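Chains as they are written, first to last, in the working numbering: chain A, 458 to 823; chain B, 27 to 402; chain C, 8 to 193.
Have a look at the structure below, then the notes.
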Amino acid sequence: MNNGNIFLDLLVRFAPEGTPSWLLDLSAAGVGVGILVAMVSVIAMFCVWMERKVAGHIQCRYGPMYVGGWHGWAQSIADGVKLLLKEDMIPIGADRPLFVLAPALVLGSIFAALAALPLAPGVFFADIDLGLFFILAMSSMTTIGVVMAGWASASKWTVYGAMREAAQVVAYEIPLGISLMVPLIVAGTFNLNEASALQSGWYGMHWYIFQNPFVLPAFALFFISALAETKRAPFDLPEAESELVAGFMTEYSGIRWSFFFMEEYAAMFLMSVVAAVFFLGGFESPFTSLARDVFGEQHFLASLTAGLVLLVKAFGGIFLMMWLRWTLPRVRIDQVMTMGYKYLTPLALLCVLGASIFEALWLGVA
Amino acid sequence: MLDVKTQDLEVNMGPQHPATHGVMRVLVRTDGELVTGAQPHLGYLHRAAEKIGENVEWLQYLPYTDRYDYLAAMNNNLGYSLAVEALMDIEIPRRAQMIRVICAELNRIASHLVAYGTYGLDIGAFTPFLYAFREREWILMLFEKICGARLTYSYIRIGGVFNDAPPGWLDEIGHFCDVFEDKWREYVDLLMMNKIFVERTAKVGVISKEMALDFGLTGPMLRGSGVDFDLRRDCPYMIYDEIWQAGAYEIPVGTGEQGVLGDSWDRFYVRVQEMLESLKIVRWCLANIEEGPTIGELPKTLKVPAGEAYVGIENPRGELGHYVVSDGGKVAVRCRVRGPSFVNLAVLEDLLPNTLLADTVAIIGSTDIVVGETDR
Amino acid sequence: MSVVASYINNIVSGVKSTLVGMRITGKYFLKKPITVQYPDERLPIPNRYRGIHYLEQEKCINCLACARACPVDCIEMDAVRHGKELEWVKFTIDYQKCMFCELCVYPCPKDCIHMGNEFAFVTTDRSELHHDLLSYKGMSREARIRKREAEEKKKKKAAAKAAKAAKEAQAAETEGDPPQPTEGEA
């Protein structure tokens, strides 16, 4: 398991004797990337469909109902096909290489971040010791893509959107990181698998938010910062459709636009999984511990239960994001800054301080 | 020192921009996010309504009045009809007057619902828009039942109204009034009192009392600045005086509750409160309506005695004035319309500089203009 | 102190009003939507709905009252009169111009033009928007029968008249010129 890639382990086990190791590495990476891309696409498509249904029902309407039969489940697929078939348009004044590169960079970095996520205990694409660190680094890479897109489009609205994105993300990386330090103090590891496994006590309810009183406020702060980080309402200023037309993606259309769209949902999923792992118990729940007791520690069904529990928690977080989006108005750029620097950052620091003292006293007592 | 030249960025907000409520164009000069100057440009929806009024017969102009403030077509019909009736010696039956008031006030609610919803949209909240449209849809269905149209009613006519209310219509309105009050509470809770909404609109786009009077603002724009002036009470037409004497309604005025007197939030809250006041007027009319004819006695070919008349009525957006001149024939000699949106719009140029780009949207939204009316 | 108070107050009111809003949206999330799935189910259209016109052609007398009342002059009608009967050439409404104001309906003396409840008038060509309200061109069967009957009646009348005239003429002739042979016979 120390290779950091479960596919490599499988290949090493089943490959014929004497296969060169670079070929094994390459094919393992290829298979991993293929599965990752497919998985993320499916998740993003499901999120789009879910967003439309949630928005619809919140607003007393149905949302998609026709494509595919049952509640329009195939709407996202149909939209995807439509976007693929659309004409690939690049504005005349645009900086072509940057314009083409930007969506790829945005999507690539979010895929890279998603690769560090665990799928089930012991099942992962890349088991990185500094997993959380890697995820944060990669997810802030998307900002570069967004700024690039805004600049390359040669439109005034996109420049506004890009500048807003840059300012906002710089402001919100800080509380995002600091609020994540609180569960890290409790957990003592950056590794997502280990962090999840550490919450398995109390019949699977030994979650970090129950372990330390300062983790719950930190979770709220993390959630708000994550909203800003993923450009979700009420912090969707880079897009701000009523102010900036469509912000940084005004000039994008077709499949390139859908890359930005997918990135948004993939980032939501990413942040929800991180929240689930570091605050809400990760794989652990009474069901997981029950499954483990019934089927045994290493059994396939136990892993499946754990994976499903994480998925449910992640989609719970996504649902909360959607619920907020369809409830709240958008904040102004200076208020975003005020909130980030004057409210979230100091409060997150307070949480870190409190958690540290609590932990020190707790450990001192124990 | 680097020789760096900087200059303000000029941005065309509109005519195809989601925040300009139709086809208005605002030329915004910005320094980063800060707006340093703004110039509204009009005329994209000009349809020569006044000139048409001088070329078609009196009654034939009625459908055109629907089309300037298309969100409050009943009120436009009413304004024009009152102006023409002022020239004619004609008795409007009481039932017709009651139905007119019910329709005009329901239309005011519908119009303010659109204002509420689209303002939420401007600020970035999508859901209140659909909640507002849900109730507006109900009003439109009621209008559809009485006159057959959902937007361009052409229902209130010179001499009365076209049709009597269909059976059961008045009861349905009573039911609507009961339900609407609960929904109104939700509007206030969901958007008006939301912290982010308050932060976005309070202390933004402040119009002082003097400024409001200087610019000739009317309607909620004026009352939002704390000037207690409403044509329904201060310059009464039809039976509004009677309703006021009966104490059926009040006139909401801005108080500066969340910020400064005359800010966007105040203007907006005046509109939202007016919905309830309109509801009270409708309730009063429902309680006092009697059977009777719905149209006065009119000659077969409508000839209006020579003379001139100006009648201003309280449209949802302010004073809608009709000035008509007749030479005794079948066609008006002059038909002038004073649209409230057009006058209210003038304040933008003074209001927009030194705000943020997002505030620009909030301020344009708070003037609640209908471009069909500014351009006519 | 007041700065701290407002700081805390901002947080509290922000969280509180967000929760209030989420309660409202959450409530509607759980309720059944109020919209209908349009092509499958439709809301009832009220009787007075102002949709595409329809014409009771039998009643129409081609008086042009509706065309004259129309503010945009979108009604064009033409018919040839044969005595009491009309031979219809056209009765078109240009739906590019029509603004569905119903002003054409009120002045009709025979109450024969109405607005129906059909609203989806879709064409792929603008020229098709010149919608012809006539259900038949020329004359209706009944009108033709009536016309023939009237003509026959007229003919009969004329024939009768002619016969009568002939008779009268004959009578006058006989009166003015008494039968000679009887005299002669007598």
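Where a beta carbon is used, it is the ideal one built from N, C-alpha and C, also for glycine.
As the structure is a computational prediction, the values presented were derived from the model and not from experiment.
query, result
"Should Gly391 (chain B) and Asp148 (chain B) be called a contact, given that it needs their Cβ atoms to be closer than 8 Å?", "yes"
"Going by the beta-carbon positions, is the gap between Ala551 (chain A) and Ala623 (chain A) smaller than 8 Å?", "no"
"By the 10 Å Cβ neighbour count, where 16 or more other Cβ atoms means buried, how is Val129 (chain C) classified, buried or exposed?", "exposed"
"In this structure, does DSSP put Val350 (chain B) in helix, strand or coil?", "strand"
"Listed from N- to C-terminal order along the chain, which residues in the region 122-135 of chain C have their beta-carbon within a distance smaller than 8 Å of any beta-carbon of chain B?", "Met122"
"What distance in whole Å lies between the Cβ atoms of Pro40 (chain C) and His663 (chain A), which are believed to be in contact at a cut-off of 8 Å?", "Not confirmed; about 41 Å, so no contact."
"Suppose you measure from the CA of Cys105 (chain C) to the CA of Glu63 (chain C); what does that come to, to the nearest Å?", "19 Å"
"Buried or exposed: Ser682 (chain A), going by 16 or more other Cβ atoms within 10 Å of its Cβ?", "buried"
"Where does Glu340 (chain B) sit, in a helix, a strand or coil, going by DSSP?", "strand"
"Our contact map puts Arg689 (chain A) next to Arg782 (chain A) with C-beta atoms below 8 Å; I'd like the distance itself, whole angstroms only.", "6 Å"
"Give me the residue from B:Arg55, B:Glu334, B:Asp401 and B:Ile307 with the minimum Cα distance to Ser367 (chain B).", "B:Asp401"
"Which of the three DSSP states is assigned to Gln103 (chain C) in this structure?", "coil"
"Could you tell me the alpha carbon to alpha carbon distance between Glu59 (chain B) and Tyr145 (chain B), rounded to whole angstroms?", "21 Å"
"Leaving out five residues on either side along the sequence, give the residues of the same chain with a beta carbon under 7 Å from the beta carbon of Ile290 (chain B).", "Here residue 290 (chain B) is Ser; the residue named in the question, Ile, does not match the sequence. Counting only Cβ-Cβ distances below 7 Å, and skipping sequence neighbours, we find Thr227, Val230, Gly231, Ala388, Ile389 and Ser392."
"Taking Leu785 (chain A) as the query, report the chain C residues whose CB atoms sit under 8 Å from its CB, ordered along the chain.", "Thr25 and Gly28"
"Check each residue of the region 769-802 of chain A: if its Cβ is closer than 7 Å to any Cβ of chain B, include it; give the result in chain order.", "Trp783, Thr784, Leu785, Pro786, Arg787, Val788, Arg789, Ile790, Asp791 and Gln792"
"Within the 8 Å Cβ cut-off, does Ile635 (chain A) reach chain C?", "no"
"Counting contacts by CB-CB distance shorter than 8 Å, is Ile18 (chain C) in contact with chain A?", "yes"
"Would the region 118-132 of chain C and the region 48-67 of chain C be scored as touching if the rule is three or more Cβ pairs under 8 Å?", "yes"
"Give the residues of chain D in contact with Asn220 (chain B), contact being defined as C-beta atoms less than 8 Å apart.", "No chain D is present in this structure, whose protein chains are A, B and C."
"For Ala512 (chain A), tell me which candidate among B:Ala112, B:Ala109 and B:Thr153 has the shortest Cα-Cα distance.", "B:Thr153"
"Where does Gly461 (chain A) fall in DSSP's three states?", "No answer about Gly461 (chain A) holds up, because its pLDDT of 48 lies below 50 and its placement is not dependable."
"So, helix, strand or coil for Gly145 (chain C), using DSSP?", "strand"
"With distances taken between CB atoms, is the gap from Leu542 (chain A) to Leu649 (chain A) smaller than 8 Å?", "no"
"Pop quiz: Asn81 (chain B) and Val330 (chain B) are said to be a contact at Cβ under 8 Å. What is the actual Cβ separation, rounded to whole angstroms?", "At roughly 15 Å, the Cβ-Cβ gap does not stay under 8 Å, so Asn81 (chain B) and Val330 (chain B) are not in contact."
"On the DSSP bridge assignment, give the partners of Thr56 (chain B) in chain order.", "B:Leu35 and B:Val61"
"Spell out whether any CB of chain A is found under 8 Å from the CB atom of Tyr35 (chain C).", "yes"
"Please state whether DSSP places Leu382 (chain B) in a helix, a strand or coil.", "strand"
"Should Arg55 (chain B) and His67 (chain B) be called a contact, given that it needs their Cβ atoms to be closer than 8 Å?", "no"
"Give the residues from the region 135-162 of chain B that approach chain C closer than 7 Å (Cβ to any Cβ), ordered along the chain.", "Thr153 and Arg160"
"Taking just the CA atoms, how far does Leu785 (chain A) sit from Leu216 (chain B)?", "8 Å"
"Given that Ile522 (chain A) touches chain C, what residues does it touch there, using C-beta distances under 7 Å?", "For the sequence presented, residue 522 (chain A) should be read as Met rather than Ile. What Met522 (chain A) touches in chain C: Gln44."
"With contact counted as at least three CB pairs below 8 Å, one residue from each stretch, are the region 624-634 of chain A and the region 672-687 of chain A in contact?", "yes"
"Can you tell me whether DSSP reads Gly21 (chain C) as helix, strand or coil?", "helix"
"Taking the C-alpha atoms as reference points, what is the distance between Leu257 (chain B) and Gly774 (chain A)?", "52 Å"
"Can you have a look at Ser13 (chain C) and say buried or exposed, based on whether 16 or more other CB atoms are within 10 angstroms of its CB?", "exposed"
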